[in-house]
Amino acid sequence: MEEIEQQKLKRKNSDISILMIVVNLLLMVMFLTIGKLTEDQVYLNIVYISIGITCLVFLYAVSYHGKGYNRGKWFFAIALIISVILVVFMIYVFNLAQAFVH
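The working numbering applies: residue 82 is where the sequence shown begins, and numbers increase by one.
Following this line, the structure appears as structure tokens:
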């Protein structure tokens, strides 16, 4: 009986964690898009948001263990791959743009 209560409590905490990740994501997007931004700053903010999402999903994936929480690990793997690709692409684009300055 006590194990069932712990599972319910763990599931409730997991749902709250997912809600907090979504709220933090929305706050990051609002904070990083307010004000007058240059084009370079907009692209850099996209990288910041991507890294922030990856960090939040990583913390979720590490916090909860068990078969029911494997989705968090898969979401983390997908977010990590997307973030790495995005960062590498932005580095490539910035260096390519630097070549055309001269």
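Every residue gets a Cβ at the ideal spot worked out from N, C-alpha and C, and that includes glycine.
Source: prediction; values computed, not measured.
Leaving out five residues on either side along the sequence, give the residues of the same chain with a beta carbon under 8 Å from the beta carbon of residue i.
| i | result |
| --- | --- |
| Gly-153 | Val-138, Tyr-141, Ala-142 and Tyr-145 |
| Met-82 | none |
| Asn-105 | Gly-133 and Leu-137 |
| Arg-92 | Gly-149 |
| Glu-86 | none |
I believe residue i touches residue j by the beta-carbon criterion, under 8 Å. Please report the beta-carbon distance rounded to the nearest angstrom.
| i | j | result |
| --- | --- | --- |
| Ser-25 | Ile-132 | Here the chain comprises residues numbered 82 to 183, so residue 25 is not present and cannot be evaluated. |
Please find out if some non-hydrogen atom of the ligand FMN comes closer than 6 Å to the beta-carbon of residue i.
| i | result |
| --- | --- |
| Ile-85 | As far as ligands go, the structure on display features none, and thus does not contain the ligand FMN. |
Shortest alpha-carbon distance to residue i belongs to which of the options?
| i | options | result |
| --- | --- | --- |
| Val-110 | Tyr-124, Tyr-150 and Leu-90 | Tyr-124 |
| Asp-121 | Phe-112, Val-174 and Ala-180 | Val-174 |
| Ile-162 | Leu-118, Val-182, Thr-119 and Val-128 | Val-128 |
| Phe-157 | Glu-86, Ile-102, Glu-84 and Leu-90 | Ile-102 |
| Thr-135 | Thr-119, Gly-147, Lys-117 and Leu-167 | Leu-167 |
| Thr-114 | Ile-130, Ile-99 and Gln-179 | Ile-130 |
| Gln-88 | Asn-151, Gly-147 and Val-169 | Gly-147 |
Please go through the same chain and pick out, in chain order, the residues whose beta-carbon is closer than 7 Å to the beta-carbon of residue i, but skip the five residues on each side of it.
| i | result |
| --- | --- |
| Phe-181 | none |
| Met-171 | Tyr-124 and Val-128 |
| Ala-160 | Ile-134, Thr-135 and Val-138 |
- Item | 4 or more residues per run - each alpha helix (DSSP H) lying fully within the segment 85 to 127 | none
- Query: Could you give the uninterrupted runs of the beta strand (DSSP E) lying entirely in the segment 138 to 172, keeping only those of 3 residues or more?
  - Reply: none
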